[in-house]
Amino acid sequence: EPEVTQTPSHQVTQMGQEVILRCVPISNHLYFYWYRQILGQKVEFLVSFYNNEISEKSEIFDDQFSVERPDGSNFTLKIRSTKLEDSAMYFCASSYQDSGNTIYFGEGSWLTVV
Amino acid sequence: LAKTTQPISMDSYEGQEVNITCSHNNIATNDYITWYQQFPSQGPRFIIQGYKTKVTNEVASLFIPADRKSSTLSLPRVSLSDTAVYYCSASSGSARQLTFGSGTQLTVLP
Chain A
1 EPEVTQTPSH
11 QVTQMGQEVI
21 LRCVPISNHL
31 YFYWYRQILG
41 QKVEFLVSFY
51 NNEISEKSEI
61 FDDQFSVERP
71 DGSNFTLKIR
81 STKLEDSAMY
91 FCASSYQDSG
101 NTIYFGEGSW
111 LTVV
Chain D
1 LAKTTQPISM
11 DSYEGQEVNI
21 TCSHNNIATN
31 DYITWYQQFP
41 SQGPRFIIQG
51 YKTKVTNEVA
61 SLFIPADRKS
71 STLSLPRVSL
81 SDTAVYYCSA
91 SSGSARQLTF
101 GSGTQLTVLP
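Protein chains in written order, with this note's numbering: chain A, 1 to 114; chain D, 1 to 110.
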């Protein structure tokens, strides 16, 4: 079964440092997403991306966050200056269609900010 | 986006059928109902999706009454490996903002 892959699986970074989380969505999918889950809390939507631009973003996705699809396969989430409260599991996801279609999630990247 | 309400937790024994009900009173006409499963430290995994009546796949069944204000995920003959958090979502036609509530922690006991 095709899957979304994410790297790294775990990253520890110092507060104020920049972090890039990488994702390879399923190859024929057109819509890409980032979610996050703080330990013990709900999965929260961050951003969706289609046709090389952001489609929607939540209030969590402020100016310190950015997304990019630098080539035909990777989809990245950059956090410019990390804060302690950015510590969370970040999930990349993708789907073929946008309307009522199944979203496939990756295994997540666990970010710890110290 | 319809708000969903599920039980916080449920216990079951191996081999039993488990039914988890979700209420979504303000579901919109074009909302689909989707259920996801999440194991600790893993991403949510799609289980089943439906719009009305009954949907069945190799993993589960989804029952949706005519008024669509609730839905029931049915897991036949659960095993220990079905212990996970189960999320119900009633999303608009757009999948862009799939929302997860608090989910139901299902614990399957031997």
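Glycine included, each C-beta is placed from N, C-alpha and C at the ideal position. Being a predicted model, the structure only gives us computed values, none of them experimental.
Separation of residue j from residue i, as counted between CA atoms
i	j	result
residue 108 of chain D	residue 63 of chain A	43 Å
residue 20 of chain A	residue 13 of chain D	43 Å
residue 31 of chain A	residue 70 of chain D	28 Å
residue 95 of chain A	residue 111 of chain A	24 Å
residue 47 of chain D	residue 8 of chain A	26 Å
residue 8 of chain D	residue 22 of chain D	11 Å
residue 22 of chain A	residue 67 of chain D	42 Å
residue 78 of chain D	residue 62 of chain D	15 Å
residue 61 of chain A	residue 110 of chain D	43 Å
residue 14 of chain A	residue 87 of chain A	11 Å
residue 26 of chain A	residue 39 of chain D	21 Å
residue 31 of chain D	residue 101 of chain D	16 Å
Supposed contact pair residue j and residue i - C-beta distance, whole angstroms, cut 8 Å
i	j	result
residue 75 of chain A	residue 49 of chain A	7 Å
residue 34 of chain D	residue 89 of chain D	5 Å
residue 72 of chain D	residue 20 of chain D	7 Å
residue 50 of chain D	residue 64 of chain D	5 Å
residue 4 of chain A	residue 104 of chain A	5 Å
residue 80 of chain A	residue 18 of chain A	6 Å
Reference residue i, options the options, closest by Cα
i	options	result
residue 78 of chain A	A:68, A:40, A:54	A:68
residue 59 of chain D	D:52, D:105, D:82	D:82
residue 58 of chain A	A:83, A:52, A:70, A:36	A:36
residue 16 of chain D	D:32, D:85, D:48, D:74	D:74
residue 55 of chain A	A:33, A:39, A:73, A:71	A:33
residue 84 of chain D	D:45, D:32, D:56, D:67	D:45
residue 66 of chain A	A:72, A:53, A:106	A:53
residue 90 of chain A	A:102, A:108, A:83	A:108
Chain-ordered neighbours of residue i on chain A, where CB pairs are closer than 7 Å
i	result
residue 43 of chain D	91, 105, 106, 107, 108
residue 102 of chain D	42
Closer than 7 Å at the beta carbon, the chain D residues around residue i
i	result
residue 102 of chain A	46, 49
Can you give, in chain order, each stretch of the beta strand (DSSP E) that sits fully within the region 25-105 of chain A and has at least 3 residues?
31-37, 43-50, 53-57, 65-68, 75-79, 88-95
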